[in-house]
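*Asks:* Here you go, one structure.
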Amino acid sequence: MTVSRSHHRGRGGKKFSILGLIGELLITAGVLVFLFLGWQLWLNDLVVGGQQDKAATQLAKTWAKSTPTKAPASGKTVVDYGAPIVPAVQKEATKFAIMYIPRFGSDYARQIAEGVSTTDVLDKGIIGHYPGTQMPGAIGNFAVAGHRTTHGAPFHEIADLRVGDKIYVQTADGYFTYDFRGLEYVRPTGIGVIDPVPQSPGVAPTDRILTMTSCNPMFYSSERIIGYAVFDSWQPASAGPPAEIAATAASEG
Amino acid sequence: MYGALWRLLPGSVWWRIVQLIVLTAIVLFILVAFVFPWLNGWVNVSEVTVGT
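If you read the protein sequences in the order shown, they are chains F and S.
Counted the way this note's numbering counts, the first sequence spans residues 1 to 253.
Counted the way this note's numbering counts, the second sequence spans residues 1001 to 1052.
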């Protein structure tokens, strides 16, 4: 009896262990998928975002060394600094500007690099400049792309922008101030949004536009969300940062 | 699978638990440092550019 019972138990145990092995493998696979999702949607997003804020700080510091900035004069009337210094066209993946959007947080600062390559620029949490579109301050369209979710998501809160919100672009030579104007939703093929005059191919530009593109809806790619801003003013690096981002820029100096 | 691992580990119950925690930490580190970044290039959550 004892032998037959143990034999029976042994057979049952073996049969169970094969099913058990498959079950354990499936559970392990499920846990790994959730771990990856957690990493991609949350942990990596946080880590890359933090790294990019620091990297923008670092870039601003190197510029501050080459061009000493004076403390911004408070209560001063608006000064006309003349035509903006437009940066030269950069090589792929070169970081040439920093974007400040106070609506996204007073400490928000992200680098802008040339090109919209996912591996070299966008997936590193950097904002990418569409090659062939104008540089900041130039007449035409300064068009950039950035992640809305994951990879540090520089444009996570793009839909929270309100008309009149200031968007600051810092280059080695100075600060460009743009006024946010509105959002548009287009299909992924909607290349017209980065035209020199958005959605007007072939028309000669007279204004300085900033176009931001990102994914819509969040976590999907079936559409694109587009944010437009128009050029407001420019001041050279020697004049110091605009008042609204002076605290952010000062913490970087 | 995990039962076999448990039986393979030497020592007392508490010592085995310590070993399991260390092994889990090593596996998590390998995943986060190497496997997930590699996988990330293949699993594209969202495209953010127009005209592609």
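Quick reminder that beta carbons are idealized off the backbone N, C-alpha and C, glycines included.
Treat the numbers as computed from the prediction; the structure is a model and nothing was measured.
Going by CA-CA distance only, name the one from P131/F, K124/F, L41/F and M135/F that's closest to V86/F.
*Replies:* By one-based count along the first sequence, residue 86/F stands at place 86. For V86/F, the nearest C-alpha among the options comes from M135/F.
*Asks:* Using 8 Å as the cut-off, can you tell me whether the stretch 1025-1034 of chain S makes contact with the stretch 191-207 of chain F, which would need three or more C-beta pairs spanning the two stretches below that distance?
*Replies:* The stretch 1025-1034 of chain S is not in contact with the stretch 191-207 of chain F.
*Asks:* Exposed or buried, what is R162/F when buried is set at 16 or more other beta-carbons lying within 10 Å of its beta-carbon?
*Replies:* Numbered from 1 along the first sequence, position 162 holds the residue referred to as residue 162/F. R162/F should be labelled exposed.
*Asks:* Could you check what DSSP says for S213/F in three-state terms: helix, strand or coil?
*Replies:* Position 213 of the first sequence, counted from the first residue, corresponds to residue 213/F. For the record, residue 213/F in the displayed sequence is Thr; it is not Ser. Note: T213/F maps to strand in three-state DSSP.
*Asks:* How long is the line joining the alpha carbons of R11/F and L21/F, rounded to whole angstroms?
*Replies:* By one-based count along the first sequence, residue 11/F stands at place 11. By one-based count along the first sequence, residue 21/F stands at place 21. With a pLDDT of only 46 at R11/F, under the threshold of 50, the placement of this residue in the model should not be trusted; the figure read from the coordinates follows. In a straight line, the C-alpha of R11/F is about 15 Å away from that of L21/F.
*Asks:* Just curious, the beta strand (DSSP E) that L183/F is in, first and last residue?
*Replies:* Mapped onto the first sequence, residue 183/F falls at position 183. Segment G174 to V186, the beta strand (DSSP E) holding L183/F.
*Asks:* Suppose you measure from the CA of Q111/F to the CA of I126/F; what does that come to, to the nearest Å?
*Replies:* Counting from one through the first sequence, the residue named residue 111/F turns up at place 111. Counting from one through the first sequence, the residue named residue 126/F turns up at place 126. When rounded, the distance between both Cα atoms is 6 Å.
*Asks:* When Cβ atoms are compared, which residues of the stretch 184-198 of chain F fall closer than 9 Å to chain S?
*Replies:* Listed in sequence order: V186, R187, P188, T189, G190, I191, G192, V193 and I194.
*Asks:* Nearest by alpha-carbon distance to K124/F: which of H147/F, G140/F, S66/F and G137/F is it?
*Replies:* Walking along the first sequence from the start, residue 124/F turns up at place 124. Comparing Cα positions, the closest option is H147/F.
*Asks:* Can you name the residues of chain F whose CB is closer than 7 Å to the CB of T1049/S?
*Replies:* Numbered from its first residue, the second sequence carries residue 1049/S at position 49. Ordered by position in chain F, the residues that pass the 7 Å Cβ test against T1049/S are V116, A145 and T213.
*Asks:* Going by other Cβ atoms of all chains shown within 10 Å of its Cβ, with 16 needed for buried, is W1006/S buried or exposed?
*Replies:* Along the second sequence, read from residue 1 onward, the residue named residue 1006/S stands at position 6. It counts as exposed.
*Asks:* For D173/F and A1025/S, what's the separation of their Cα atoms in angstroms?
*Replies:* Position 173 of the first sequence, counting from 1, holds the residue named residue 173/F. Position 25 of the second sequence, counting from 1, holds the residue named residue 1025/S. The alpha-carbon atoms of D173/F and A1025/S are separated by roughly 47 Å.
*Asks:* Given that G1041/S touches chain F, what residues does it touch there, using C-beta distances under 9 Å?
*Replies:* Working through the second sequence from its first residue, we reach residue 1041/S at position 41. Simply T118, T119 and D123.
*Asks:* Return the residue from the list L32/F, N216/F and Y168/F that minimises the CA-CA distance to G105/F.
*Replies:* Sequence index remark: in the first sequence, residue 105/F carries index 105 (1-based). Of the candidates L32/F, N216/F and Y168/F, the one whose C-alpha sits nearest the C-alpha of G105/F is Y168/F.
*Asks:* Buried or exposed: T1049/S, going by 16 or more other Cβ atoms within 10 Å of its Cβ?
*Replies:* Your numbering for residue 1049/S matches position 49 in the second sequence. Under this definition T1049/S is a buried residue.
*Asks:* Using a Cβ-Cβ cutoff of less than 8 Å, which residues in the same chain neighbour R224/F once the five nearest sequence positions on both sides are dropped?
*Replies:* The residue labelled residue 224/F in the question sits at position 224 within the first sequence. So the qualifying residues of the chain are Y185, V186, R187, P188, G190, V193, T213, S214, C215 and N216.
*Asks:* For N141/F, count neighbouring Cβ atoms within 10 angstroms of its own Cβ and tell me buried if that reaches 16, exposed if not.
*Replies:* Taking the first residue of the first sequence as 1, we reach residue 141/F at position 141. So N141/F ends up on the buried side.
*Asks:* Is the separation between the beta-carbon of Q90/F and that of H151/F shorter than 9 Å?
*Replies:* Taking the first sequence and counting its residues from 1, one reaches residue 90/F at position 90. Taking the first sequence and counting its residues from 1, one reaches residue 151/F at position 151. No, these two residues do not count as a Cβ contact at 9 Å.
*Asks:* Counting only Cβ pairs nearer than 7 Å, list the residues of chain S close to T67/F.
*Replies:* Here residue 67/F corresponds to residue number 67 of the first sequence, with the count starting at 1. Simply none; closest approach about 32 Å.
*Asks:* Rounded C-beta distance between F1036/S and W63/F? I'm assuming under 8 Å.
*Replies:* The count along the second sequence starts at 1 and reaches residue 1036/S at position 36. The count along the first sequence starts at 1 and reaches residue 63/F at position 63. 34 Å between Cβ atoms; not a contact.
*Asks:* Return yes when the Cβ of S1046/S is within less than 9 Å of the Cβ of Y257/F, no when it is not.
*Replies:* As displayed, chain F neither begins before 1 nor continues past 253, which places residue 257/F out of reach and without an answer.
*Asks:* Suppose you measure from the CA of L26/F to the CA of V47/F; what does that come to, to the nearest Å?
*Replies:* Locating residue 26/F in the first sequence gives position 26, counting from the first residue. Locating residue 47/F in the first sequence gives position 47, counting from the first residue. The straight-line gap from Cα to Cα measures roughly 29 Å.
*Asks:* Please state whether the Cβ-Cβ distance between E157/F and R208/F is less than 9 Å.
*Replies:* Taking the first sequence and counting its residues from 1, the one referred to as residue 157/F is at position 157. Taking the first sequence and counting its residues from 1, the one referred to as residue 208/F is at position 208. No, the Cβ-Cβ distance between E157/F and R208/F is not below 9 Å.
*Asks:* So, helix, strand or coil for P236/F, using DSSP?
*Replies:* Here residue 236/F refers to the residue found at position 236 of the first sequence. Three-state result, P236/F: strand.
*Asks:* Give the single residue among G30/F, S222/F, E92/F and K61/F whose Cα lies nearest to the Cα of A237/F.
*Replies:* Within the first sequence, the letter at position 237 stands for residue 237/F. The shortest C-alpha separation from A237/F is found at K61/F.
*Asks:* Would you check if the distance between the CB atom of G164/F and the CB atom of F231/F is smaller than 9 Å?
*Replies:* Working through the first sequence from its first residue, we reach residue 164/F at position 164. Working through the first sequence from its first residue, we reach residue 231/F at position 231. Not closer than 9 Å, so no.
*Asks:* Using 8 Å for Cβ pairs, my map puts W170/F next to A243/F. What's the rounded Cβ distance?
*Replies:* Here residue 170/F refers to the residue found at position 170 when the first sequence is read from its first residue. Here residue 243/F refers to the residue found at position 243 when the first sequence is read from its first residue. First, the residue type needs correcting, since residue 170/F is Gln and not Trp in the sequence shown. Wrong, their Cβ atoms sit about 14 Å apart, outside the cutoff.
*Asks:* CB F155/F to CB A229/F, shorter than 9 Å?
*Replies:* As a working mapping, residue 155/F is identified with position 155 in the first sequence. As a working mapping, residue 229/F is identified with position 229 in the first sequence. No, the Cβ-Cβ distance between F155/F and A229/F is not below 9 Å.
*Asks:* For F1036/S, would you say it is in contact with chain F, using Cβ-to-Cβ distances shorter than 9 Å as the test?
*Replies:* The sequence position of residue 1036/S within the second sequence is 36, counting from 1. Yes, because at least one Cβ of chain F sits closer than 9 Å to the Cβ of F1036/S.
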